[in-house]
Amino acid sequence: MPQPTNQPNIPPRRRRARADSGMKARTMFCVAVFIIAGFGLLIYQLYALQLRDAELYRTEAVTQQMKDITLPALRGSIYSVNGKLLAKSNTVWNIVADPSSIAKSGATEAQLRTAAQGLADLLGDGTTADALYEILTAKNASGTPYQYRMLAKGVEKPVADAIVSYADTYRMEPEKNGTTGKRILYLSTEQASTRSYPYGEFLASVLGFCNSDGEGAYGLEKYYNETLAGTPGRSVAETDVNGNALASGQSDLHEAIDGNDLYLTIDENVQAIVEQYLTEAMNTFTVHGRGSAIVMNVKTGAILAMASIEQFDPNDPYKITDAKMTAILDKEEIDAEDIDWLEGRLGEKAVKDIIADGKISRDKTVDEDGNEVASEYTQLQGMMREAQWKNKNITELYMPGSVFKLITASAGLDSGIMSTSQTFYCGGSLTVNEGSELWEHTYRCANGEVHYEQDMAGALNHSCNLWFIQAAETLKPQIFYDYIQAFGFTQPTGIDLPNETRWTSVYNAEQMAEVDTNLYTAAFGQNESITPMQMATAVAAIANGGYLVTPHVVDKITDQNGNVVQEIGTNTRRQVISESASETIRQIMEFEVGDGTQGGGGNAYVAGYRIGGKSGTSEQLNMDRRADGDYKKVASFAAVLPANDPEILVYVMLDDPNNARTDYSSILAAPVVGNIISEIAPYLGIATDGIDRSQTTVKVPN
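Shown next as structure tokens:
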């Protein structure tokens with residue numbers, strides 16, 4: 005018997021109608037929700053496109069529709085004082101590929117590889133077709149083709165034109181019925197420039213070079229980089245879908261402003277003579293360390309010549325030009341003599357630590373902290389490159405030796421504490437602090453020579469250490485140090501070249517007062533570590549009437565139309581000594597050179613010219629000793645002429661000469677100065693003493 009239910013007794017038809025009605029309601033609801041959601045999404049998208057991300061899409065649209073090209077400025081040139089072109093920029097072209105457009109063309113791999121081979125043939129620089137194919141099809145990490153890839157850099161215009169023409173004619177299919185097949189290669193060109201130096205190694209340490217980005221990396225190229233670089237321009241134009249500029253489209257062009265030109269104080273003829281004789285001396289005396297030479301106008305500070313050995317070729321700056329350096333790098337076993345030579349030439353005591361086992365490893369290593377360290381080969385190679393790039397006249401220190409006695413004598417005269425008639429006794433040796441708790445030390449003149457009682461002129465001529473020790477003791481530390489500062493030994497010279505060292509080692513007054521040996525050794529130039537440029541500038545001040553001038557290499561800056569933008573001119577920093585003191589020291593310096601018949605500076609004499617000079621032989625106390633047990637030496641000589649009214653200074657420094665019969669700078673450096681003067685003095689028109697024997701030269705002793 006059926007069980008009763010609570011449901012009403014509804015006919016089946018009505019039940020079906022009610023069910024259909026509910027289904028329709030649910031359907032309508034879903035449709036409504038879908039429509040509302042769709043409209044909501046549409047409204048959100050419109051909001052995102054037109055409001056929230058409007059600027060982003062506007063920028064992307066402009067990027068796709070506009071072609072924005074940077075127009076490089078042509079780097080300024082560098083000229084000698086006589087207008088000789090020393091550095092110039094040449095216009096070249098970069099070839100740029102658009103892999104994204106190439107991918108859209110639908111070209112097959114075979115077609116692209118054939119195209120790559122054609123490009124390789126046109127370039128002719130050794131780039132393989134496989135390498136070019138990789139560039140044409142380059143993709144990022146997510147697999148999306150790049151829009152910009154450099155295909156070739158620095159090609160000449162005929163090659164660039166040939167490549168662009170090839171890209172335009174290379175199509176998917178050959179020409180049919182007056183139409184061409186779809187384009188495959190999407191290439192364009194960019195104007196660029198390369199830097200070249202017509203005379204190679206000539207004046208390299210002064211000129212410097214540019215890096216791969218065209219920016220100055222060393223020398224004048226670095227110091228005057230902003231002046232030479234100019235201001236890049238910009239070209240913006242509407243383009244079609246293929247990136248070609250529309251003839252009727254909008255465009256905006258801002259021309260590049262080319263860099264300014266430098267006209268140097270360097271005279272290329274004087275520079276060539278200086279480099280010739282400095283190189284000859286380096287080879288003749290087997291100089292292990294540096295070779296430096298400076299020719300300077302003593303009144304204006306203009307540098308007529310500046311040489312620093314080693315040289316390098318700025319057209320290929322990363323190539324090590326010194327044959328001995330490259331030979332050592334290629335050796336399997338490095339002996340102690342090679343290490344000693346490298347430390348002297350590189351100015352780096354770290355050489356011994358790098359190749360302590362006598363071998364140069366080419367494998368990378370790991371330090372104590374787990375960091376990867378470059379191989380010994382790479383480290384040495386880097387040190388060699390740095391050594392040849394440096395202008396050692398301004399970047400490296402040395403002890404000047406007896407040339408510094410000019411400073412001590414000038415301080416004594418100008419201060420009024422001493423006169424030229426001031427005498428001190430030289431018995432060949434002088435012991436200080438004898439029997440005292442302080443450090444006892446015995447000083448000697450060279451080879452134990454005895455000069456007896458002598459005045460200032462005799463002391464300078466004989467380069468008597470003991471006279472100058474007593475002179476400094478008479479001056480007292482504070483006055484002596486005041487003159488050291490005034491002559492510029494505690495600060496850079498301010499020359500317009502980069503990387504001039506700001507660090508010098510000079511004892512101050514307090515240190516000289518506390519330890520008298522600091523005072524004594526400073527008096528004869530064996531305690532100061534300075535640069536050759538500082539020494540040359542100080543001697544120029546002594547010779548020109550007492551005025552310390554700022555040395556400079558650039559004479560003027562001009563624009564591309566030849567208009568003078570800036571003239572450097574003379575910058576007198578201060579007067580250090582009186583003109584009367586200057587004249588007196590010049591007379592003593594001329595007495596040292598004399599007529600060439602006496603010792604000392606006589607080897608710098610050139611017949612017909614009044615020359616004043618001072619030699620200096622210093623010991624490198626901070627370096628390992630030579631094989632004979634003696635200290636390594638630095639031989640230098642400074643000369644001014646004409647001695648009665650000096651115009652130029654000639655300064656030469658040879659660091660650690662070997663294979664010579666003597667260590668004396670009067671034998672090593674003075675003849676080099678004489679050789680230079682014998683050629684540049686007639687060329688510069690410097691007056692003789694009435695006897696025209698300017699062709700007489702002083703030969704470097706072998």
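The opening position of the sequence shown corresponds to residue 5 in our numbering, with each subsequent residue numbered one higher. Even glycine gets a Cβ: it sits at the ideal position worked out from N, Cα and C.
What did DSSP end up calling P481 once you bin it into helix, strand or coil? helix
Just grab the DSSP bridge partners of S640 for me. G620, M657
My output table needs one value for N548: the three-state DSSP class, helix, strand or coil. coil
Should I307 and T283 be called a contact, given that it needs their Cβ atoms to be closer than 8 Å? no
Would you kindly check if the distance between the Cβ of S84 and the Cβ of L268 is under 8 Å? yes
Tell me the residue span of the beta strand (DSSP E) that contains L268. 265 to 268
With DSSP as the reference, please indicate the residues paired to T576 in a beta bridge. V553
Excluding the 5 residues flanking I364 on each side, which residues of the same chain have their C-beta closer than 6 Å to its C-beta? E380, Y381
Using the Cα positions of D418 and R577, report the straight-line distance between them to the nearest angstrom. 18 Å
Own chain, CB closer than 8 Å to G689, minus 5 neighbours either side, in chain order: none
Look at the alpha carbon of V299 and the alpha carbon of T562, and state the distance between them as a whole number of angstroms. 25 Å
Per DSSP, the bridge partner or partners of T95: S197
Pick helix, strand or coil for F428, following the three-state DSSP scheme. strand
Considering only residues of the same chain and omitting the five flanking positions on each side of G351, which have a CB-CB separation below 6 Å? E400
Where does C214 sit, in a helix, a strand or coil, going by DSSP? strand
Could you check how far apart the C-beta atoms of V610 and F641 are, in whole angstroms? I think they sit under 8 Å. The Cβ separation is near 13 Å, so there is no contact.
Determine, using beta carbons only, whether D659 and G293 come nearer to each other than 8 Å. yes
Can you name, in chain order, every residue of its own chain whose Cβ lies under 8 Å from the Cβ of D317, other than the five neighbours on each side? Y201, G204, E205, A208, K323, T325
Roughly how many angstroms separate the alpha carbons of Q508 and E532, rounded to a whole number? Reading the sequence as shown, one finds Thr at residue 508 and not Gln. If I take the Cα positions, the gap works out to 8 Å.
What are the boundary residues of the alpha helix (DSSP H) that includes Y137? 133 to 140
For a quick check, are the C-beta atoms of F484 and A490 less than 8 Å apart? no
Residues bridged to V299 [DSSP beta-bridge criterion]: A309, V654
Relative to the alpha-carbon of T505, which residue among H466, K394, F595 has its alpha-carbon at the smallest distance? K394
According to DSSP, I589 sits in a beta bridge with which residue or residues? According to DSSP, I589 bridges with nothing at all.
Can you have a look at P481 and say buried or exposed, based on whether 16 or more other CB atoms are within 10 angstroms of its CB? buried
Beta-carbon proximity of I488 to T494, cut-off 8 Å: yes
Whose C-beta lies closer than 7 Å to the C-beta of Y429 among residues of the same chain, with five residues either side of it excluded? Y456, E457
Test item: CB-CB of I270 and V557 under 8 Å: yes
Any heavy atom of the ligand COA closer than 7 Å to the beta-carbon of M403? Looking for the ligand COA in the displayed structure turns up nothing, as the structure carries no ligands at all.
Below 8 Å on the Cβ atoms is my guess for F408 versus G620; work out the distance and round it to an integer in Å. 7 Å
Can you tell me which residues form a DSSP beta bridge with P159? Note that residue 159 is Val in the sequence shown, not Pro. BP columns for V159 point to W97.
Quick one, are the C-beta atoms of G223 and D262 less than 8 Å apart? no
Alpha carbon to alpha carbon, how far is K3 from N144? Residue 3 falls outside the range modelled here, since the chain spans only 5 to 706, and no answer is possible.
Within 8 Å, strictly: CB atoms of L75 and R238: yes
For the candidate residues G158, M657, V519, whose alpha-carbon lies nearest to that of A639? M657
Local Cβ density within 10 Å of Y228, reported as buried at 16 or more and exposed below that: buried
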